[in-house]
Amino acid sequence: MKIAIGCDHGGINLKPVLIDYLTSKGYEFKDFGTFSNQSVDYNDYAEAVCESIQKGEADLGILICGTGIGMSIVANKHKGIRCAHCHDVFSAKMTKLHNNANVLAMGERVIGPGLMIEIVEAFLTTPFSNDERHVCRVNKILDLEDKVF
Ligand code: RB5
Numbered sequence: 036m037k038i039a040i041g042c043d044h045g046g047i048n049l050k051p052v053l054i055d056y057l058t059s060k061g062y063e064f065k066d067f068g069t070f071s072n073q074s075v076d077y078n079d080y081a082e083a084v085c086e087s088i089q090k091g092e093a094d095l096g097i098l099i100c101g102t103g104i105g106m107s108i109v110a111n112k113h114k115g116i117r118c119a120h121c122h123d124v125f126s127a128k129m130t131k132l133h134n135n136a137n138v139l140a141m142g143e144r145v146i147g148p149g150l151m152i153e154i155v156e157a158f159l160t161t162p163f164s165n166d167e168r169h170v171c172r173v174n175k176i177l178d179l180e181d182k183v184f
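Numbered according to our numbering, the sequence shown spans residues 36 to 184.
Shown next, in the form of structure tokens:
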């Protein structure tokens, strides 16, 4: 499993904790930045992570900004991306199980490093249920992407 990660300046302190965790567990990952605490647009990092998934270079993405909200809004504008904005372990587990989410967004100004790691662990280790109901609902999300409003 390949993981794409990204943050803006609002997530710059949690990303090293995430990197340490992914490294210690042997996950293959690519860091799309940002790499300093200089103010940047979260949009650019969410886009880079999502595009790597769209190209098939990564399977999952993890995004961190101040709240996780801006990142998740941008991520969910991408075809094929189902980004879950999670600040609790139950939601992180359920969004894989029921929604087959492929991107996780979190906010450094909302949660601390310990909870972040538990959320990430739940997200990375929970499989999609493959239950017929959930497959149907995820397929309806994919169908929606082809409609023009
Ligand atoms: C940056 O100040 C902040 O707006 C950003 O990290 C994020 O919280 C946006 O949703």
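In this text, a Cβ means the ideal position worked out from N, Cα and C, and glycines have one as well.
| Asked | Found |
| --- | --- |
| Rounded separation between residue 126 and residue 118 - CA only | 12 Å |
| Run of the beta strand (DSSP E) containing residue 120, from where it starts to where it stops | 118-120 |
| For residue 48, the nearest candidate out of 57, 120 and 100 (CA to CA) | 100 |
| Residue 77 versus residue 111 - alpha carbon distance | 13 Å |
| The segment 175-184 / the segment 136-147 touching (three or more Cβ pairs under 8 Å) | no |
| Member of 50, 43 and 84 whose CA lies at the smallest distance from the CA of residue 155 | 50 |
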